[in-house]
Amino acid sequence: MVVKPVIPQRILDLQPYKPGKPIEEVERELGLGDSIKLASNENALGPSAAVISALREAAEGVHRYPDGGAFELTSRLAARLSVDGRRIVFGNGSNELIELLVRMFAEEGSEVVMSEDAFLIYSLVSQAAGATPVRVKAREFRHDVAAMGDAVGEKTRLVFLANPNNPTGTIFERDAWEAFLARVPHDVVVVVDEAYCEYVEHPEYPDALDYIDRHPGLVVLRTFSKVYGLAGLRLGYGVGSVEIMEAMSRLRQPFNVNLLAQVAAIAALDDEDYLEAGRALAREGRRCFAEAFERLGLDYVPSQANFMLVEVGDGAAVTDALMRRGVIVRPMGAYGFPSMIRVTFGTPEENERFVDALSAVMGER
Ligand SMILES: *Cc1c(COP(=O)(O)O)cnc(C)c1O
Numbered sequence: 003m004v005v006k007p008v009i010p011q012r013i014l015d016l017q018p019y020k021p022g023k024p025i026e027e028v029e030r031e032l033g034l035g036d037s038i039k040l041a042s043n044e045n046a047l048g049p050s051a052a053v054i055s056a057l058r059e060a061a062e063g064v065h066r067y068p069d070g071g072a073f074e075l076t077s078r079l080a081a082r083l084s085v086d087g088r089r090i091v092f093g094n095g096s097n098e099l100i101e102l103l104v105r106m107f108a109e110e111g112s113e114v115v116m117s118e119d120a121f122l123i124y125s126l127v128s129q130a131a132g133a134t135p136v137r138v139k140a141r142e143f144r145h146d147v148a149a150m151g152d153a154v155g156e157k158t159r160l161v162f163l164a165n166p167n168n169p170t171g172t173i174f175e176r177d178a179w180e181a182f183l184a185r186v187p188h189d190v191v192v193v194v195d196e197a198y199c200e201y202v203e204h205p206e207y208p209d210a211l212d213y214i215d216r217h218p219g220l221v222v223l224r225t226f227s228k229v230y231g232l233a234g235l236r237l238g239y240g241v242g243s244v245e246i247m248e249a250m251s252r253l254r255q256p257f258n259v260n261l262l263a264q265v266a267a268i269a270a271l272d273d274e275d276y277l278e279a280g281r282a283l284a285r286e287g288r289r290c291f292a293e294a295f296e297r298l299g300l301d302y303v304p305s306q307a308n309f310m311l312v313e314v315g316d317g318a319a320v321t322d323a324l325m326r327r328g329v330i331v332r333p334m335g336a337y338g339f340p341s342m343i344r345v346t347f348g349t350p351e352e353n354e355r356f357v358d359a360l361s362a363v364m365g366e367r
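Residue numbering for the sequence shown follows this note's numbering, beginning at 3 and increasing consecutively.
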């Protein structure tokens with residue numbers, strides 16, 4: 003008999019997260035050049051000039067460990083958000099913070115409440131920790147926040163809400179949020195993932211940061227990966243009570259945020275023009291895609307973020323056909339939307355290329 007380590011069943015059961023395909027991989031596999039990627043909700047503008055110049059300068063110092071406490075970045079961000087710096091913790095992407103929160107609160111046998119159409123990482127990480135993801139039915143591509151409140155029970159340790167949600171691009175509104183927050187027990191941790199908050203233009207959008215003192219377990223997650231254009235450097239942050247944030251700092255690796263990420267984020271925070279240009283690009287993308295989808299007779303989900311879900315019949319086949327035309331999008335089968343694709347807004351040229359490719363592909367079908 004061969005004796006070997008036993009991999010726990012809950013780990014063997016994990017469905018690996020499938021990220022958007024990197025351009026290089028698609029081009030290698032299909033022998034293409036000149037592909038575009040609209041698959042991971044990145045900022046199509048590329049990094050800001052201020053960030054590039056700060057990174058060049060900082061490159062001289064990468065033989066040193068970074069500041070494990072991210073002192074400078076913390077004080078800049080604290081001032082920007084008007085919160086006590088002890089209430090901020092940084093992560094290697096906000097994905098790391100999702101994982102730390104689950105490790106800290108969701109012990110084996112507990113429940114983690116989320117919407118069934120939410121970002122897949124919440125259920126993946128909960129399952130890996132031995133907790134049970136409770137996936138609450140969504141309504142017309144939106145979190146059913148009231149039903150999520152109903153789903154909170156004795157065993158619930160954490161609730162994840164994404165606002166706007168990925169992959170739907172939808173938000174939940176102030177009324178529903180306030181009613182939810184008023185009834186969630188104070189020993190349950192409520193995580194609001196606001197990865198796309200900078201793009202929202204809806205007047206009824208509740209910024210969870212405004213509620214940070216109303217519930218002791220409220221944690222708001224944000225990221226530099228989207229409108230700030232730093233996905234490749236991996237930097238996100240959480241804001242919550244001093245107690246929870248200090249505990250997360252104890253749990254994290256001492257140098258979880260690298261030196262270049264810290265330097266780039268400081269430069270990015272001050273670059274208002276770049277942020278505004280990113281928002282303008284999303285506004286233009288929304289307009290352009292809505293017009294194209296209507297012209298093609300395709301149903302889509304109106305979005306408050308920098309991407310859109312659209313109904314194409316066979317999402318996997320259309321993704322494949324678009325890829326052969328050098329346009330990388332995301333099929334949505336893993337999210338339970340096999341007839342849809344998710345497309346990130348690109349530059350006007352990229353949007354046009356996508357719309358032309360989609361028109362051709364849908365015409366052939
Ligand atoms: C992109 C995204 C994030 C950010 O992830 P990072 O680890 O910060 O790159 C978090 N939540 C959602 C819903 C996202 O779509």
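Glycine included, every Cβ here is placed at the ideal spot set by N, Cα and C.
None of the values given here were measured: they were computed from a predicted structure.
C-beta contact flag for residue 324 and residue 359 at 8 Å: Counting from one through the sequence shown, the residue named residue 324 turns up at place 322. Counting from one through the sequence shown, the residue named residue 359 turns up at place 357. For residue 324 and residue 359, yes; Cβs fall inside 8 Å.
Exposure of residue 250, with buried meaning 16 or more beta-carbon neighbours within 10 Å: Reading the sequence shown from its first residue, position 248 is the one you call residue 250. The residue is buried, with at least 16 neighbouring Cβ atoms inside 10 Å.
Cβ neighbours of residue 314 in the same chain (closer than 6 Å, five flanking residues each side left out): Numbered from its first residue, the sequence shown carries residue 314 at position 312. Only 320 and 343 meet the Cβ criterion.
Residue(s) in a DSSP beta bridge with residue 342: Counted from its first residue, the sequence shown places residue 342 at position 340. 313.
Start-to-end residues for the alpha helix (DSSP H) that takes in residue 73: To locate residue 73, count along the sequence shown from 1; it is residue 71. Counting along the chain, the alpha helix (DSSP H) containing residue 73 begins and ends at 73 to 83.
Beta carbon of residue 122 nearer than 8 Å to that of residue 160: In the sequence shown, the residue the question calls residue 122 occupies position 120. In the sequence shown, the residue the question calls residue 160 occupies position 158. Going by C-beta atoms, residue 122 is not nearer than 8 Å to residue 160.
beta-carbon residue 219 near ligand 1 non-hydrogen atom, thresh 7 Å: The residue labelled residue 219 in the question sits at position 217 within the sequence shown. For ligand 1, not one heavy atom lies less than 7 Å from the Cβ of residue 219.
Nearest-angstrom Cβ-Cβ length linking residue 151 and residue 182, presumed shorter than 8 Å: As a first step, residue 151 is located in the sequence shown; it is residue number 149 there, counting from the start. As a first step, residue 182 is located in the sequence shown; it is residue number 180 there, counting from the start. The C-beta distance from residue 151 to residue 182 rounds to 5 Å, short enough to fall under 8 Å.
Lining residues of ligand 1 - beta-carbon closer than 5 Å to any non-hydrogen atom, in sequence order: Counting only residues whose CB is nearer than 5 Å to a non-hydrogen atom of ligand 1, the list in chain order is 95, 96, 97, 121, 164, 168, 195, 197, 225, 227 and 238.
Residue 225 in three-state terms, based on DSSP: As a position in the sequence shown, residue 225 is number 223, starting the count at 1. DSSP places residue 225 in strand when its eight states are reduced to three.
Coarse secondary structure for residue 350, derived from DSSP in three states: Taking the sequence shown and counting its residues from 1, the one referred to as residue 350 is at position 348. Helix at residue 350.
Cβ-based burial, residue 212 [other Cβ within 10 Å; buried from 16]: Along the sequence shown, one-based indexing puts residue 212 at 210. By the 10 Å Cβ count, residue 212 comes out exposed.
Beta-carbon contacts of residue 129 that lie in its chain and below 8 Å, excluding the five residues immediately before and after: By one-based count along the sequence shown, residue 129 stands at place 127. Taken in chain order, the residues that qualify are 12, 15, 16 and 135.
Span of the beta strand (DSSP E), counted from its first residue to its last, around residue 181: What you label residue 181 is simply residue 179 of the sequence shown in a count that begins at 1. Not the beta strand (DSSP E): residue 181 falls in the alpha helix (DSSP H), residues 176 to 185.
Strand pairing of residue 92, partner residues [DSSP]: Indexing the sequence shown from 1 puts residue 92 at position 90. According to DSSP, residue 92 bridges with 239.
Burial state of residue 273 (16 or more Cβ within 10 Å): The sequence position of residue 273 within the sequence shown is 271, counting from 1. Within a 10 Å sphere around the beta-carbon of residue 273 sit 16 or more other beta-carbons, which makes this residue buried.
Anticipated Cβ contact below 8 Å, residue 335 with residue 317, distance rounded: Walking along the sequence shown from the start, residue 335 turns up at place 333. Walking along the sequence shown from the start, residue 317 turns up at place 315. Confirmed, Cβ separation roughly 6 Å.
Residue 50, DSSP secondary structure in three states: As a first step, residue 50 is located in the sequence shown; it is residue number 48 there, counting from the start. Residue 50 falls in the coil class under three-state DSSP.
Segment contact, 8 Å Cβ cut-off, at least three pairs: the stretch 256 to 266 with the stretch 24 to 38: no
Pick from 361, 97 and 201 that is closest to residue 374, judged by C-alpha positions: The requested residue 374 does not occur in the structure, where the chain is confined to residues 3 to 367.
Paired residues, beta bridge with residue 333 - DSSP: Counting from one through the sequence shown, the residue named residue 333 turns up at place 331. In the DSSP output, where bridge partners are listed per residue, residue 333 has 343.
The stretch 85 to 98 in contact with the stretch 228 to 242 per 3-pair CB rule at 8 Å: yes
Residue 54 vs residue 355 beta-carbon contact at 8 Å: Here residue 54 refers to the residue found at position 52 of the sequence shown. Here residue 355 refers to the residue found at position 353 of the sequence shown. No. Outside cutoff.
Cutoff 6 Å; reference residue 265; Cβ partners in own chain excluding five residues on either side: Counted from its first residue, the sequence shown places residue 265 at position 263. Closer than 6 Å at Cβ, skipping near neighbours: 56 and 60.
Of the listed residues 367, 72, 306 and 197, nearest to residue 206 (C-alpha basis): The residue labelled residue 206 in the question sits at position 204 within the sequence shown. Ranking the options by Cα distance to residue 206, first place goes to 306.
Where residue 322 falls: helix, strand or coil (DSSP): As a first step, residue 322 is located in the sequence shown; it is residue number 320 there, counting from the start. DSSP places residue 322 in helix when its eight states are reduced to three.
Distance between residue 44 and residue 233 (C-alpha atoms, nearest Å): Here the question's residue 233 lines up with position 231 in the sequence shown. Here the question's residue 44 lines up with position 42 in the sequence shown. The alpha-carbon atoms of residue 233 and residue 44 are separated by roughly 7 Å.
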